[in-house]
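Peer 1: Got a structure for you, written out below as structure tokens; questions coming shortly.
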Amino acid sequence: MIVKSALPLSFIIGSRFFGLFIILPVISVYALELEGATEFLVGVLIGVYAMSQITFQVVFGYVSDRFGRKNSMLIGLLVFIVGAAICAVATDIYTMIFGRFIQGAGAIGAVAIALMSDMTKEEVRGHAMAMMGAFIGISFTLSMILSPILSAKYGLSSLFYLSIAVTVVCIVLLYTAVGEEPKFTHSQAKMPAVKLLSNRNLLLMNISNFMQKMLMSAAFIVIPIAIVKYFGMDKKDLSGIYSVATVFGFIAMGIGGAIGETKRITKQILVIGVSLFVVCYGLFALSLGHKPLFYAGVIIFFIGFNLH
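What follows is the structure, encoded as structure tokens:
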């Protein structure tokens, strides 16, 4: 049951993250070449995806409760394809921003995780979630390596076309490999949103994840521009830097996950990840004119991000 249900769903969730990750490593330097682009608008371009996600994540959650998880996921995947197609043909920054907003509107991440929970038994749910995490980690690793290579050889639009192709595969898997979703009847009273948002533990986790995503977005604006514009490297060389940093990050994620579970120190691992964010941004601030210091900051950023 776990493999039959979790494997295709993990691939779909990982692919959804792939559509986000594959753009991040290079978008800030390539987007500056679009008509009307400025550094501020490039920041908007990266941020608008997240803002769209924030808006539509709750909407898709409500729709999935009413009309089913798989149908909601199909709508989200189709919306993502439309947004990616707009971005692929965009020649100016404003069209690209609009396309990224549409991409973000296909916010099915929470719905897919809910379906994963629905389709797995409680005793194996932890393993299913670990499988999902592994696919997300693999998608992140592949994105960091492939993104600079493909964009340098075929242009930024190739990344969006690749995202479309992967998303089409996800739709096929959704209706051929994912089993029929179970039907549930809920007897518990609904929890008011204010009470849910004021839960101390959830609030702290939400703030932590909010800050992590913010720092990730900021890093992927700064890192490509600094490497290309201030350190004089070619855009295609980004793949080498990302590859090394990703290896360190992937190893750290494996070690951190194993130790966190066996030693019951998951919270401490999380704190270490956050602390490494502080270190890496400190190195970024001090690295003006010092390429090795900046690269060390990039590696520490990837380690902190993966631990988190």
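To convert, count from 1 in the sequence shown and add 32; that's our numbering. Glycine included, C-beta positions come from ideal geometry on N, C-alpha and C.
1) For the alpha helix (DSSP H) that contains F92, what are its first and last residues?
2) Spell out the partners DSSP gives D124 in its beta bridges.
3) Determine the closest residue to A284 out of I331, Y126, P57, with distance taken between C-alpha atoms.
4) Taking DSSP as the reference, what is the three-state secondary structure of G187?
5) Compute the beta-carbon to beta-carbon distance between I203 and L109, rounded to the nearest angstrom, for a pair I have assumed lies under 8 Å.
6) Closer than 6 Å by C-beta to M33: which residues in its own chain qualify, once you throw out the five before and the five after it? Chain order, please.
7) Consult DSSP for I140 and reduce its assignment to one of helix, strand or coil.
8) Determine the direct distance from the alpha carbon of Y186 to that of G131, and round the result to whole angstroms.
9) Nearest to A38 by CA position, among F50, E213, S319, E71, is which residue?
10) Please report the straight-line C-alpha distance between M176 and F263, rounded to a whole angstrom.
11) Leaving aside the five residues before and after A209 along the sequence, list all residues of the same chain whose C-beta is less than 6 Å from its C-beta, in chain order.
12) What is the residue span of the alpha helix (DSSP H) that M265 lies within?
13) Helix, strand or coil for L229 per DSSP?
14) Could you spell out where the alpha helix (DSSP H) holding P324 opens and where it closes?
15) Starting from S307, trace the alpha helix (DSSP H) in both directions and tell me its first and last residue.
16) I want to know whether the segment 112-119 touches the segment 167-176 - three or more CB-CB distances under 8 Å.
17) Taking the CB atoms as reference points, tell me whether L339 and I304 lie closer together than 8 Å.
18) Within the same chain, show all residues whose beta-carbon is closer than 8 Å to that of K102, passing over the 5 residues directly before and after it, in chain order.
19) Per DSSP, what kind of secondary structure is I55 in: helix, strand or coil?
20) What is the DSSP secondary structure of T278, reduced to helix, strand or coil?
21) Around the C-beta of Y81, are 16 or more other C-beta atoms found within 10 angstroms, so that it is buried, or is it exposed?
22) Given A137, which residues of its chain have a CB within under 6 Å of its CB, disregarding the five upstream and five downstream residues?
Peer 2: Short version:
1) Along the sequence shown, read from residue 1 onward, the residue named residue 92 stands at position 60. F92 -> alpha helix (DSSP H) spans 71-99.
2) In the sequence shown, residue 124 corresponds to position 92, counting from 1. Its beta-bridge partners are E67.
3) Mapped onto the sequence shown, residue 284 falls at position 252. Ranking the options by Cα distance to A284, first place goes to I331.
4) As a first step, residue 187 must be located in the sequence shown, where it is residue number 155. Coil at G187, not helix or strand.
5) Here the question's residue 203 lines up with position 171 in the sequence shown. Here the question's residue 109 lines up with position 77 in the sequence shown. With a Cβ gap of about 5 Å, I203 and L109 count as contacting.
6) Locating residue 33 in the sequence shown gives position 1, counting from the first residue. Residue placement at M33 cannot be trusted, given a pLDDT of 46 that sits under 50; the coordinates are not used to answer.
7) Taking the sequence shown and counting its residues from 1, the one referred to as residue 140 is at position 108. If DSSP states are grouped into helix, strand and coil, I140 belongs with coil.
8) Working through the sequence shown from its first residue, we reach residue 131 at position 99. Working through the sequence shown from its first residue, we reach residue 186 at position 154. Roughly 19 Å between the two C-alpha positions.
9) Here residue 38 refers to the residue found at position 6 when the sequence shown is read from its first residue. Of the listed residues, the one whose Cα sits closest to A38 is E213.
10) Position 144 of the sequence shown holds residue 176. Position 231 of the sequence shown holds residue 263. One C-alpha to the other measures close to 19 Å.
11) Walking along the sequence shown from the start, residue 209 turns up at place 177. Here the set comprises P40.
12) To locate residue 265, count along the sequence shown from 1; it is residue 233. Run containing M265: none; DSSP gives neither H nor E here.
13) Here residue 229 refers to the residue found at position 197 of the sequence shown. If DSSP states are grouped into helix, strand and coil, L229 belongs with the helices.
14) Position 292 of the sequence shown, counted from the start, is the residue given in the question as residue 324. First-last of the alpha helix (DSSP H) with P324: 323-339.
15) For the purposes of this step, residue 307 is identified with residue 275 of the sequence shown, where counting begins at 1. 298-318 is the span of the alpha helix (DSSP H), which, as asked, contains S307.
16) no
17) Position 307 of the sequence shown holds residue 339. Position 272 of the sequence shown holds residue 304. Their beta carbons are under 8 Å apart, which means L339 touches I304 by this criterion.
18) In the sequence shown, residue 102 corresponds to position 70, counting from 1. L147, L206, Y207, V210, E213, listed in sequence order.
19) Within the sequence shown, the letter at position 23 stands for residue 55. Coil, per DSSP.
20) Translated into the one-based positions of the sequence shown, residue 278 becomes position 246. Helix at T278.
21) Residue mapping note: residue 81 aligns to position 49 of the sequence shown, counting from 1. When all chains shown are included, Y81 counts as buried.
22) Mapped onto the sequence shown, residue 137 falls at position 105. Excluding positions up to five away in sequence, the list reads S84, F88, V111.
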